[in-house]
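A.B. asks: Have a look at the structure that comes next, please.
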Amino acid sequence: MAYLQVSGTKIVDKDGKEVILRGAGLGGWMNMENFISGYPGCEYQIRAALADVVGQDKSEFFFDKFLEYFFTDADAAFFSSLGLNCIRLPFNYRHFEDDMNPRVLKPEGFKHLDRVIDICAKHGIYTILDLHTAPGGQNTDWHADAGTHIAKFWEHKDFQDRVVWLWEELAQHYRANTWIAGYNPLNEPTDPYQTRLIAFYDRVYAAIRKHDPDHALFLDGNTFASDFSHFGDAETRWKNTAYAIHDYSVFGFPAAPEAYVGSEAQQRRLRRSYEKKREWMDQRGLCVWNGEWGPVYARKEYEGVATDAINEERYKVLKDQLEIYNKDRLSWSIWLYKDIGFQGMVHVSRDTPYMTLFKDFLAKKHRLAIDAWGADDTAVREIYNPLIDLIKREIKPEHQDLYPAPVWKLSDRIGRLSRNILVSEFLVREWAEHFRGKSTEELDIIAKSFAYENCLHRDGLNKVLTDNASLVAQSA
Ligand SMILES: O[C@@H]1[C@@H](O)[C@H](O[C@@H]2CO[C@@H](O[C@@H]3CO[C@@H](O)[C@H](O)[C@H]3O)[C@H](O)[C@H]2O)OC[C@H]1O
């Protein structure tokens with residue numbers, strides 16, 4: 001088999017035949033996330049807390065089992081049965097390098113990544129390797145696993161050197177693997193000055209190409225993969241490269257300005273927001289990949305009788321987005337394959353040991369809206385509103401919109417910082433205490449909750465994806 005290549009606006013195989021990559025991201029796995037994997041705060045915090053409570057060995061055992069069960073042959077078989085052909089694999093740099101031992105490769109980091117790439121290949125599924133976290137944090141959000149909203153990655157050359165080093169190691173390891181569709185060197189950068197991102201991409205491009213001239217690169221735009229306005233003529237230096245947008249629509253979230261009915265005006269808004277993100281590529285005839293998109297869903301335990309109606313509305317957003325993408329023959333990767341019930345194509349059943357153990361805790365997390373992304377903050381809004389009002393009153397309007405505005409509005413910033421970082425931090429230990437006294441066997445059983453056989457399918461979502469896959473196959 002030969003490598004996939006980027007050719008103009010398309011991804012093609014060795015015969016130059018177009019390959020449209022359609023699939024999902026394996027978020028919450030080698031980069032665990034609060035709302036996906038079901039804990040508060042950041043991965044590095046819960047790993048440290050669990051080691052404090054059950055000891056280093058048992059903690060490592062639990063996380064290793066979690067990684068093993070989270071994706072197995074059964075997941076790949078199900079995924080390919082839907083007609084999908086690509087999985088984006090987000091991973092945390094900490095699997096490969098220790099902050100206290102920088103630039104020393106941890107070979108054990110490859111254990112699960114290699115395993116899943118091979119399982120996917122066996123089922124005819126391409127993979128895209130996505131570095132979802134970088135030392136210091138490449139963006140302002142929780143999924144960069146930095147524990148802060150200041151993206152220090154852009155301010156410390158040494159953090160950037162380490163990522164360049166890591167990609168050299170990864171490129172050497174994976175250079176011969178043709179089932180890897182390509183490398184996505186940095187998820188959702190937020191560089192407030194814009195220019196440091198381009199300089200970094202120049203460096204990482206050269207470093208990867210030194211060892212691997214063949215794999216395609218998928219480069220995210222700035223500001224959560226939404227903004228290429230400062231890329232200038234950089235594409236002239238980067239061969240075999242596609243450009244990644246993340247096309248989340250506000251209509252897919254509880255914060256939607258109105259119910260989505262698919263009106264002409266709403267469809268225009270969907271299209272406009274998508275087209276704006278890909279403008280730079282379209283002006284230059286470059287290949288676009290939508291590396292993340294997709295609504296979140298209501299849950300019976302929280303949204304009660306309104307659940308089904310809300311979700312039907314979200315499936316409509318999904319369908320309308322796909323219709324836009326299909327006209328452009330766009331390659332995409334929906335967020336998310338598996339989680340505990342908010343967004344995933346499959347989700348851990350509520351009667352599994354993990355969900356039972358954390359039932360009350362998860363309800364409390366939801367009440368406090370500490371997973372700020374996509375959260376309904378109605379129950380706690382009155383707590384934070386006075387702070388928002390204070391800033392609006394005391395700070396000059398021209399100083400209120402701090403980067404990453406306009407993606408983050410003032411109220412988003414306060415919500416995210418106060419709930420996602422501050423309040424969450426207080427809950428980390430409480431999460432870990434649930435494991436106190438558990439034996440190795442019990443930890444294994446809890447981790448196994450994430451195995452495919454213990455998951456339910458989100459049928460509405462999967463049906464839209466399958467219908468779309470056959471529709472596109474017919475039009476190919
Ligand atoms: O790990 C993922 C992460 O990559 C992803 O990041 C968020 C993407 O969306 C950003 O906000 C959206 C910007 O566009 C508006 O139209 C949407 O309404 C916003 O949601 C957000 O700031 C990023 O953190 O999100 C999910 C994570 O699991």
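Numbering (my numbering), first residue to last: 1 to 476. We treat Cβ as the ideally placed atom computed from N, Cα and C, and that holds for glycine. Source: prediction; values computed, not measured.
Evaluate contact between the segment 219-239 and the segment 159-166, counting only Cβ atoms and requiring at least three cross-stretch pairs below 8 Å.
C.D. replies: Inter-segment contact for the segment 219-239 and the segment 159-166 is absent: fewer than three beta-carbon pairs are separated by less than 8 Å.
A.B. asks: Can you tell me the Cα-Cα spacing of I46 and F342, whole angstroms?
C.D. replies: 20 Å
A.B. asks: Determine the extent of the alpha helix (DSSP H) in which G415 is found, giving its start and end residues.
C.D. replies: Annotation: the continuous alpha helix (DSSP H) that includes G415 extends over L410 to G415.
A.B. asks: How close, in whole Å, do the beta carbons of D335 and G25 come, if the pair is a contact with beta carbons under 8 Å?
C.D. replies: In the sequence as presented, Asp is not what sits at residue 335; that position holds Trp. The C-beta separation of W335 from G25 comes to about 5 Å, placing the pair in contact by the 8 Å criterion.
A.B. asks: Is it the case that the CB of G54 approaches a heavy atom of ligand 1 more closely than 7 Å?
C.D. replies: Sequence check: residue 54 is Val here, not Gly. Because no heavy atom of ligand 1 lies under 7 Å away, the Cβ of V54 does not count as near it: no.
A.B. asks: Decide if the segment 2-11 is in contact with the segment 65-78; the criterion is three or more beta carbon pairs, one per stretch, under 8 Å apart.
C.D. replies: no
A.B. asks: Have a look at L113 and V204 and give me their C-alpha separation to the nearest angstrom.
C.D. replies: For L113 and V204, the distance between alpha carbons rounds to 21 Å.
A.B. asks: Should the segment 366-386 be regarded as contacting the segment 459-471, the criterion being three or more beta carbon pairs within less than 8 Å?
C.D. replies: no
A.B. asks: Answer yes or no: the CB of Y248 versus the heavy atoms of ligand 1, is any distance below 7 Å?
C.D. replies: yes
A.B. asks: Can you tell me which of the three DSSP states L165 falls into?
C.D. replies: Strictly speaking, residue 165 in this sequence is Trp, with Leu absent from that position. W165 falls in the helix class under three-state DSSP.
A.B. asks: Given a cut-off of 8 Å, decide if P353 and T140 are closer than it, judged by their beta-carbon atoms.
C.D. replies: no
A.B. asks: May I ask you to verify whether the segment 310-320 touches the segment 349-367, counting CB pairs closer than 8 Å and requiring at least 3?
C.D. replies: no
A.B. asks: Rounded to a whole number of angstroms, what is the C-alpha to C-alpha distance between I208 and N184?
C.D. replies: 11 Å
A.B. asks: Can you check which of these residues, N326, S349, D444 and R284, is closest to D233 by C-alpha distance?
C.D. replies: The candidate whose alpha carbon is nearest that of D233 is R284.
A.B. asks: Cβ of H149 within 8 Å of Cβ of I370?
C.D. replies: no
A.B. asks: Applying the criterion that 16 or more other CB atoms from any shown protein chain within 10 Å of the CB defines a buried residue, is K327 buried or exposed?
C.D. replies: exposed
A.B. asks: Whose C-beta lies closer than 6 Å to the C-beta of L387 among residues of the same chain, with five residues either side of it excluded?
C.D. replies: I414.
A.B. asks: Enumerated in chain order, which unbroken segments of the beta strand (DSSP E) with a length of 3 residues or greater are wholly contained in the segment 164-214?
C.D. replies: Segments of the beta strand (DSSP E) lying fully in the segment 164-214: 180-184.
A.B. asks: Could you give the C-beta distance for D483 and T133, rounded to a whole number, given that I count them as a contact under 8 Å?
C.D. replies: Nothing can be reported for residue 483, as the shown portion of the chain is limited to 1 through 476.
A.B. asks: Looking only at its chain, what residues have a beta carbon closer than 6 Å to the beta carbon of A244, apart from the 5 residues adjacent to it on each side?
C.D. replies: F218, D220, A225, W289 and G291
A.B. asks: Would you call the CB atoms of N548 and P90 closer than 8 Å?
C.D. replies: Because the chain here runs from 1 to 476, residue 548 falls outside it and cannot be looked at.
A.B. asks: Can you give the beta carbon distance from F110 to L166, rounded, assuming they're within the 8 Å contact cut?
C.D. replies: Wrong, their Cβ atoms sit about 12 Å apart, outside the cutoff.
A.B. asks: Mark F231 as exposed unless 16 or more other C-beta atoms lie within 10 angstroms of its C-beta, in which case mark it buried.
C.D. replies: That one is buried.
A.B. asks: Are the beta-carbon atoms of A242 and V6 separated by less than 8 Å?
C.D. replies: yes
A.B. asks: Quick one, which of G136, Q194 and H215 has its alpha-carbon nearest H173's?
C.D. replies: H215
A.B. asks: Quick one: what's got a C-beta closer than 6 Å to A432's C-beta in the same chain, skipping five residues either side?
C.D. replies: In its chain, beyond the 5 residues on either side, A49, L50 and V53 have a beta carbon closer than 6 Å to the beta carbon of A432.
A.B. asks: Determine the DSSP secondary structure at N288, reduced to helix, strand or coil.
C.D. replies: Position check: residue 288 holds Val in this sequence, whereas Asn was assumed. Of the three classes helix, strand and coil, the one that applies to V288 here is strand, per DSSP.
A.B. asks: So, are the CB atoms of V348 and Y337 less than 8 Å apart?
C.D. replies: no
A.B. asks: Quick one: is the Cβ of D141 within less than 7 Å of any heavy atom of ligand 1?
C.D. replies: For D141, the distance from the CB to the nearest heavy atom of ligand 1 is below 7 Å.
A.B. asks: Just confirm the distance between the C-beta atoms of W293 and Y260, as a whole number of angstroms; I'd bet it's less than 8 Å.
C.D. replies: W293 to Y260, Cβ: 15 Å. No contact.
A.B. asks: Mind pulling the alpha helix (DSSP H) runs of 4 or more residues that sit fully within the segment 371-401?
C.D. replies: 381-394
A.B. asks: At a cut-off of 7 Å, is W293 close to ligand 1 when judged by its beta-carbon and the heavy atoms of the ligand?
C.D. replies: It does not: the Cβ of W293 is nowhere closer than 7 Å to a heavy atom of ligand 1.
A.B. asks: Just to confirm, is the Cβ distance from A265 to W179 under 8 Å?
C.D. replies: no
A.B. asks: Nearest to M30 by CA position, among I125, F79, H143 and M1, is which residue?
C.D. replies: The shortest Cα separation from M30 among I125, F79, H143 and M1 belongs to H143.
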